[in-house]
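Chemist: So the sequences go chain by chain: A and B.
Adding 1 to a residue's 1-based position in the first sequence gives its number in the working numbering.
Adding 4 to a residue's 1-based position in the second sequence gives its number in the working numbering.
All C-beta atoms in this analysis are idealised placements derived from N, C-alpha and C, irrespective of residue type, glycine included.
Note that the coordinates shown come from a computational prediction; the quantities given were computed from them, not determined experimentally.
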Amino acid sequence: MNVKTNIMEALDNLFSAKLRSFLAILGILVGTGSVVALITSSQLATEHALAQFETMGTNLLAADVQPPQSGIVSSQQQTSALTLEQMPEIQRVSPQIVEVAPYITLFQSIYFDGEAVNGGQVIGATVALADIMNIRIAKGRFVSYLDRSNPYCVIGSSIAADFAAKGVSDPLGKQIQIGDWLFTIVGVAQPWASNWFFLADVNKGVIVPLDVSYSLSQYAKINNLLFRLVPNPDIPSVQAMVLRELKKLLPNHNISFRNPEQIINIMKNQQATFTWLLGSIGGISLLVGGIGVMNIMLVSVVERRREIGIRMAVGARRSDIRRMFLMEAVVLTLFGGLLGIILGLLCAWILTEVTGWEFHFLITPPLLGFVVSVLVGIISGFYPAHRASKLDPIETLRSE
Amino acid sequence: MIELRNVTKTYWMGKSRHEALKGVSLQIDTGELVAIMGASGSGKTTTMNILGLLDHPTTGEYYLNEQDVSQLSHNQQATLRNHSIGFVFQSFFLLSRLDALQNVALPLTYRNVGAKTIKKQAMAMLGKVGMSEWWNHRPNELSGGQQQRVAIARALVGDPNIVLADEPTGSLDSKTGQAVLDLLIQLNKTEKTTVIIITHDERVASRCPRVVKLRDGLVMEEDG
Numbered sequence: 002m003n004v005k006t007n008i009m010e011a012l013d014n015l016f017s018a019k020l021r022s023f024l025a026i027l028g029i030l031v032g033t034g035s036v037v038a039l040i041t042s043s044q045l046a047t048e049h050a051l052a053q054f055e056t057m058g059t060n061l062l063a064a065d066v067q068p069p070q071s072g073i074v075s076s077q078q079q080t081s082a083l084t085l086e087q088m089p090e091i092q093r094v095s096p097q098i099v100e101v102a103p104y105i106t107l108f109q110s111i112y113f114d115g116e117a118v119n120g121g122q123v124i125g126a127t128v129a130l131a132d133i134m135n136i137r138i139a140k141g142r143f144v145s146y147l148d149r150s151n152p153y154c155v156i157g158s159s160i161a162a163d164f165a166a167k168g169v170s171d172p173l174g175k176q177i178q179i180g181d182w183l184f185t186i187v188g189v190a191q192p193w194a195s196n197w198f199f200l201a202d203v204n205k206g207v208i209v210p211l212d213v214s215y216s217l218s219q220y221a222k223i224n225n226l227l228f229r230l231v232p233n234p235d236i237p238s239v240q241a242m243v244l245r246e247l248k249k250l251l252p253n254h255n256i257s258f259r260n261p262e263q264i265i266n267i268m269k270n271q272q273a274t275f276t277w278l279l280g281s282i283g284g285i286s287l288l289v290g291g292i293g294v295m296n297i298m299l300v301s302v303v304e305r306r307r308e309i310g311i312r313m314a315v316g317a318r319r320s321d322i323r324r325m326f327l328m329e330a331v332v333l334t335l336f337g338g339l340l341g342i343i344l345g346l347l348c349a350w351i352l353t354e355v356t357g358w359e360f361h362f363l364i365t366p367p368l369l370g371f372v373v374s375v376l377v378g379i380i381s382g383f384y385p386a387h388r389a390s391k392l393d394p395i396e397t398l399r400s401e
Numbered sequence: 005m006i007e008l009r010n011v012t013k014t015y016w017m018g019k020s021r022h023e024a025l026k027g028v029s030l031q032i033d034t035g036e037l038v039a040i041m042g043a044s045g046s047g048k049t050t051t052m053n054i055l056g057l058l059d060h061p062t063t064g065e066y067y068l069n070e071q072d073v074s075q076l077s078h079n080q081q082a083t084l085r086n087h088s089i090g091f092v093f094q095s096f097f098l099l100s101r102l103d104a105l106q107n108v109a110l111p112l113t114y115r116n117v118g119a120k121t122i123k124k125q126a127m128a129m130l131g132k133v134g135m136s137e138w139w140n141h142r143p144n145e146l147s148g149g150q151q152q153r154v155a156i157a158r159a160l161v162g163d164p165n166i167v168l169a170d171e172p173t174g175s176l177d178s179k180t181g182q183a184v185l186d187l188l189i190q191l192n193k194t195e196k197t198t199v200i201i202i203t204h205d206e207r208v209a210s211r212c213p214r215v216v217k218l219r220d221g222l223v224m225e226e227d228g
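In structure tokens:
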């Protein structure tokens, strides 16, 4: 018997037990569908997250300075910190550095009109930060170098929204209290897409000139630097040169670096783990589907004992019987698998429509779903087929 | 030519031993029409299973065309059944999902033959049993006599050496039974096929030139 005859026969047999075949197909359909849907959406989610990140550019570098533990160093070293005046010097260490943005983050109580402002984080910054982190102004202007030590500030979009809810539609010119100081609002930032690179939330922040932030707290020190580099920079070499310079300026401090590529790699790793997890969950439902197929094939073997006996009497070998049932199981799961792939892609597409991610066809999940469903067919069909082939024709043909 | 030499068959049911055949020797020439008779428990079904290569004898030899086939493997048995033996059963045993033509073609599908040849041979065989116009009917659309004709066509389509008919008229009324028996006898003459009919019906046996009677697992007498 050739393969074509085998497949035709399998289809014929499956058609004659429509409801049963349908139920078996349903199990595989849901299983394959969930594998395809979960893996596809997980990968699309990764791509979405990465795309957000990549728009920021990969020509960025962050340096974080950690002061040494107090008590083990002298007081002279403890007070040492980077100053705004050192920035041009740091920028000059490599021609690949285009811009340096030092910043200070402080947690201070912020009051407006006598009420505490939700969440407010104080960010001491120069105009370079707006440039590198793409902070746009909705109203007014950003804080400037020219502000020197004047208490001006820019508020984030969430804070502005809070103010608007209190009836203050135009916060420009209004004053807010940070610590013991009163600041005049000179600008409102546009909603800002947060990223894992700049560690403060601009939307819930109040940006003040870097010089001014020193007066707010004795702990105000430049502990973070952001660098914008030339396109396609040699990040390790820049990093090494910056490190040498910072070590010279701040002996005994711990200095660590972050760059988007590093973070993208971490994200990719995490997402790969996540994809595996989701794939395994889908795999479990496929396993259940496979058990369903096995169950249904076992019932089919019992019901078709007579047929098996007749086929053996006319000359079917045990391998012919085994192949017949195996083929049925495979055709069944293949059918369920193909429908499942369509269903899974449809689910993934609906998800992208709902979440606003970009949908595009990924070849791996459907391919994986296809291969796995065929394997499930072979594995779950093997035992019933084996049982069928071991039947004794004399037993099955005994007259009722 | 078929020869059974001192064939025994012992079944074990738990610890109790049952000797179905106690030493059957039998020789049947090519083209013969033989009835094997006996009451239930006489060993005629066991004899048929051994002749039909569905079972192995416990001891003794079975020669089919000068070849000892008593201890073949399952696969060798299946292949030999496919080529050398045709079965006709009391309850027809047609596959209900297949039409008459597909039922007749069934033995050929286990040979390495093209689909067109299979169809042609099966159709020709249906013609010989007078069932050509019913080729696309399923068993449940056919009468008992018609079903048995289709079953006979299936037994003969592979051009076997022996046709083993187990109570072929058992589930038919006497008139239809006569017609089916006539067909078997006629095919025995025209196709020169050895036909062995297992029966307990005297009227069936009386139509056969040779009758072998079994009792308690032994050949009691041979007429003919």
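If you measure from the beta carbon of alanine 11 of chain A to each beta carbon in chain B, is any gap under 8 angstroms?
Modeler: No - not a single Cβ of chain B is within 8 angstroms of the one on alanine 11 of chain A.
Chemist: Suppose the cutoff is 8 angstroms on Cβ atoms and the five residues either side in sequence are ignored; what does the same chain contact list for glutamine 78 of chain A look like?
Modeler: With a pLDDT of 47 at glutamine 78 of chain A, under the threshold of 50, the modelled position of this residue cannot be trusted; read the value that follows with caution. Result list for glutamine 78 of chain A: Pro69, Pro252, Asn253, in chain order.
Chemist: Taking a contact to mean a Cβ-Cβ separation below 8 angstroms, would you say phenylalanine 164 of chain A touches phenylalanine 113 of chain A in this structure?
Modeler: Going by C-beta atoms, phenylalanine 164 of chain A is nearer than 8 angstroms to phenylalanine 113 of chain A.
Chemist: Measure how close the beta-carbons of valine 213 of chain A and serine 150 of chain A come, nearest whole angstrom, since I'm counting them as under 8 angstroms.
Modeler: At roughly 6 angstroms, the Cβ-Cβ gap stays under 8 angstroms, so valine 213 of chain A and serine 150 of chain A are in contact.
Chemist: For a contact defined as C-beta to C-beta under 7 angstroms, what are the partners of glutamate 308 of chain A on chain B?
Modeler: Those are Leu99, listed as they occur along chain B.
Chemist: If you draw a straight line from the alpha carbon of leucine 130 of chain A to that of alanine 102 of chain A, how long is it in whole angstroms?
Modeler: The alpha-carbon atoms of leucine 130 of chain A and alanine 102 of chain A are separated by roughly 5 angstroms.
Chemist: Decide yes or no for the touch test of the region 355-372 of chain A against the region 42-50 of chain A: beta carbon pairs closer than 8 angstroms, at least 3 of them.
Modeler: Cβ pair count under 8 angstroms is three or more, so yes.
Chemist: Applying the criterion that 16 or more other CB atoms from any shown protein chain within 10 Å of the CB defines a buried residue, is serine 76 of chain A buried or exposed?
Modeler: Low confidence applies here, because serine 76 of chain A scores a pLDDT of 49, under 50, leaving its location unreliable; read the following figure in that light. Serine 76 of chain A comes out exposed.
Chemist: Between the region 162-177 of chain A and the region 222-238 of chain A, are three or more C-beta pairs nearer than 8 angstroms?
Modeler: Short answer: they don't touch.
Chemist: Indicate whether at least one CB of chain A lies closer than 8 angstroms to the CB of alanine 82 of chain B.
Modeler: At least one chain A Cβ lies under 8 angstroms of alanine 82 of chain B.
Chemist: If you draw a straight line from the alpha carbon of leucine 211 of chain A to that of serine 286 of chain A, how long is it in whole angstroms?
Modeler: Answer to the nearest angstrom: the Cα atoms are 56 angstroms apart.
Chemist: Residue range of the beta strand (DSSP E) that aspartate 13 of chain A falls in?
Modeler: Looking at the DSSP string, aspartate 13 of chain A is not in any beta strand (DSSP E); the run it does join, the alpha helix (DSSP H), is 4-17.
Chemist: Kindly list, in the order they appear in chain A, the residues whose Cβ is closer than 9 angstroms to that of tyrosine 114 of chain B.
Modeler: Result: Met2, Arg312, Val315, Gly316, Ala317, Arg318, Asp321.
Chemist: Could one say the Cβ of arginine 153 of chain B lies closer than 8 angstroms to chain A's Cβ atoms, at least one of them?
Modeler: With 8 angstroms as the cut-off, arginine 153 of chain B does not count as an interface residue toward chain A.
Chemist: Under 8 angstroms, do phenylalanine 383 of chain A and leucine 327 of chain A count as touching if we go by C-beta distance?
Modeler: It is a contact, given that the beta carbons lie within the stated cut-off.
Chemist: Please report the straight-line C-alpha distance between tryptophan 277 of chain A and isoleucine 342 of chain A, rounded to a whole angstrom.
Modeler: If you take the alpha carbons of tryptophan 277 of chain A and isoleucine 342 of chain A, they lie about 18 angstroms apart.
Chemist: Going straight from the alpha carbon of glutamine 125 of chain B to that of alanine 104 of chain B, what length do you get?
Modeler: In a straight line, the C-alpha of glutamine 125 of chain B is about 13 angstroms away from that of alanine 104 of chain B.
Chemist: Taking methionine 295 of chain A as the reference, which of A:Ile267, A:Pro385, A:Arg305 has the closest Cα?
Modeler: When only C-alpha atoms are compared, the closest one is A:Pro385.
Chemist: Taking serine 151 of chain B as the reference, give the member of B:Ser136, B:Asp59, B:Gly27 with the closest Cα.
Modeler: First, the amino acid is wrong: residue 151 of chain B is glutamine here, not serine. Of B:Ser136, B:Asp59, B:Gly27, the residue nearest in Cα terms is B:Ser136.
Chemist: Give me, in chain order, the residues of the same chain whose beta-carbon lies closer than 7 angstroms to that of valine 208 of chain B; leave out the 5 immediate sequence neighbours on both sides.
Modeler: So the list reads Ala39, Thr173, Leu185, Ile201, once near-sequence residues are dropped.
Chemist: Taking serine 95 of chain A as the reference, give the member of A:Leu230, A:Ala389, A:Leu107 with the closest Cα.
Modeler: Nearest of A:Leu230, A:Ala389, A:Leu107 to serine 95 of chain A, Cα basis: A:Leu230.
Chemist: What residue from A:Ser159, A:Arg319, A:Lys5 has the CA that sits closest to alanine 119 of chain B's CA?
Modeler: When each option's Cα is compared against that of alanine 119 of chain B, the closest is A:Lys5.
Chemist: On the criterion of 16 or more Cβ atoms from any shown chain inside 10 Å, does aspartate 13 of chain A qualify as buried, or is it exposed?
Modeler: Burial call: exposed.
Chemist: Residue range of the alpha helix (DSSP H) that histidine 78 of chain B falls in?
Modeler: 78-88 is the extent of the alpha helix (DSSP H) around histidine 78 of chain B.
Chemist: Per DSSP, what kind of secondary structure is isoleucine 124 of chain A in: helix, strand or coil?
Modeler: Isoleucine 124 of chain A falls in the strand class under three-state DSSP.
Chemist: Are the region 310-329 of chain A and the region 87-97 of chain B touching by the rule of at least three beta carbon pairs closer than 8 angstroms?
Modeler: A contact exists between the region 310-329 of chain A and the region 87-97 of chain B.
Chemist: Is aspartate 205 of chain B near the ligand NAP - that is, is its Cβ less than 7 angstroms away from at least one heavy atom of it?
Modeler: Inclusion of the ligand NAP in the displayed structure is not the case, the ligand content being empty and no account of it being possible.
Chemist: Determine, using beta-carbon pairs with one atom in the region 344-353 of chain A and one in the region 24-37 of chain A, whether at least three such pairs fall under 8 angstroms.
Modeler: Flag = yes, the region 344-353 of chain A and the region 24-37 of chain A touch.
Chemist: What are the complete alpha helix (DSSP H) segments, minimum 4 residues, inside the region 111-180 of chain B?
Modeler: Listed in chain order, they are 119-132, 148-160.
Chemist: Kindly give me the distance between the Cβ atoms of leucine 188 of chain B and alanine 169 of chain B, rounded to whole angstroms, as I take these residues to be in contact under 8 angstroms.
Modeler: Indeed they touch by this definition, with Cβ atoms about 6 angstroms apart.
Chemist: Please state the DSSP three-state secondary structure of lysine 269 of chain A.
Modeler: Here lysine 269 of chain A sits in helix by DSSP.
Chemist: Going by beta carbon distance, what residues of the same chain come within less than 6 angstroms of methionine 134 of chain A, once the five residues before and after it are set aside?
Modeler: Phe199.
Chemist: Does threonine 33 of chain A get closer than 8 angstroms to chain B when you measure Cβ to Cβ?
Modeler: It does not: the Cβ of threonine 33 of chain A has no partner Cβ on chain B nearer than 8 angstroms.
Chemist: Taking leucine 363 of chain A as the reference, give the member of A:Gly28, A:Met9, A:Gln44, A:Gln92 with the closest Cα.
Modeler: Looking at the Cα atoms, A:Gln44 is the closest of the given residues.
Chemist: What residues in its chain sit with their C-beta under 7 angstroms from that of glycine 181 of chain B, if we drop five residues either side in the sequence?
Modeler: Only Thr173 meet the Cβ criterion.
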